[in-house]
Amino acid sequence: MSSYVILKHLHMTTAFLTVILFTLRLLMDAVGRPGWRQTPLRWIPHANDTVLLIAAISLLVVGSWNPLEQSWILAKIVLLLGYITAGLFALKVTVPRPARVVAAVLALVQVSAIFHLAMAKPVLF
1 MSSYVILKHL HMTTAFLTVI LFTLRLLMDA VGRPGWRQTP LRWIPHANDT VLLIAAISLL
61 VVGSWNPLEQ SWILAKIVLL LGYITAGLFA LKVTVPRPAR VVAAVLALVQ VSAIFHLAMA
121 KPVLF
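Quick note, the sequence shown lines up with residues 1 to 125 if you use my numbering.
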């Protein structure tokens, strides 16, 4: 199996895990169980996201892709920054609950768009 295929599967698996872990943390907050912040669930997503980022950069190198030439990759990067920002607000205890809900929805919409771009690879501009 080529290194590209291995990296792609690693990237896809960690991307799905990222969404699952984010959603799990959102749900635990929503049902009033903020205790997850004192469990491994606090740091496991960060370890997973590190692997996800390394796999993404490795795919760019192995695939010889330039995000400035591949508009869908550039769009994914911009959406990723938005997802991270919205996710921070969605999980922050000091942010009012209505704002956290809006941030959570926005984060999930952005990650859905990232998944769409990854599968469709459209030419955007």
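For every residue, glycine included, the Cβ atom is placed at its ideal position computed from N, Cα and C. Because the structure is a prediction, the values reported are computed rather than measured.
Worksheet item: For Arg-146, which of helix, strand or coil comes out of DSSP?
Response: Because residue 146 is not part of the residues shown, which for the chain are 1 to 125, the question remains open.
Fill in: Rounded C-alpha distance that separates Gly-82 from Gly-63
25 angstroms
Item to complete: Go ahead and pull the three-state DSSP assignment for Asn-48.
Response: helix
Practice prompt. Tell me whether Trp-72 is buried or exposed, calling it buried when 16 or more other Cβ atoms sit within 10 Å of its Cβ.
Written response: buried
Fill in: Which listed residue (Phe-89, Lys-76, Leu-124, Ser-58) has its alpha carbon closest to that of Val-5
Ser-58
Worksheet entry | Three-state secondary structure (DSSP) of Leu-81 | helix
Worksheet item: Using the beta-carbon count (16 or more within 10 Å), is Gln-38 buried or exposed?
Response: exposed
Practice prompt. Report the option in Pro-67, Ala-55, Gln-110 whose CA atom is closest to the CA atom of Phe-22.
Written response: Gln-110
Discussion item. Rounded to whole angstroms, what is the Cα-Cα separation between Ala-99 and Leu-26?
Written reply: 13 angstroms
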